[in-house]
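Participant: Sharing a structure with you now.
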Amino acid sequence: MEATTITFQSEIQAADFPFIERILNSLKATTKVIKEEKDETLMTKEAFFAKIDRARAGEKIQMSREEMKKLMFD
-5 MEATTITFQS EIQAADFPFI ERILNSLKAT TKVIKEEKDE TLMTKEAFFA
45 KIDRARAGEK IQMSREEMKK LMFD
C-alpha cells in the first residue's frame, strides 16, 4: 500500500486542541501550531475591575467637545 501525505490547515478553538491532538496522535499524524492568537477581550471579572480602578486613579484630562471631535476625526 502506498502512503499518501495530506497537509491541511484549520482554525480551531484553543480549548479543543488537546482533543484534536489526541485524535491525530492516534492516527500517527504530526501537528504543528502555526499561529496562536490570544483574545485580548476576554478577561476575568477581577481583571476588568482592576483595569477600571487603574483608569480612575490615573491622570485626568479636561477637554471640550470641540477638542474631542478634532482629536477623533482629524
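Note that the numbering used here numbers the sequence shown so that position 29 is 23, with each residue one more than the last. All C-beta atoms, glycine included, are put in the ideal place defined by N, C-alpha and C.
Under 8 Å between the Cβ atoms of T(-1) and E15?
Facilitator: no
Participant: Which of the three DSSP states is assigned to K39 in this structure?
Facilitator: Helix at K39.
Participant: How long is the line joining the alpha carbons of K22 and I6, rounded to whole angstroms?
Facilitator: 20 Å
Participant: Helix or strand or just coil, what does DSSP make of I55?
Facilitator: coil
Participant: In terms of residue numbering, what span does the alpha helix (DSSP H) encompassing F11 cover?
Facilitator: F11 to S20
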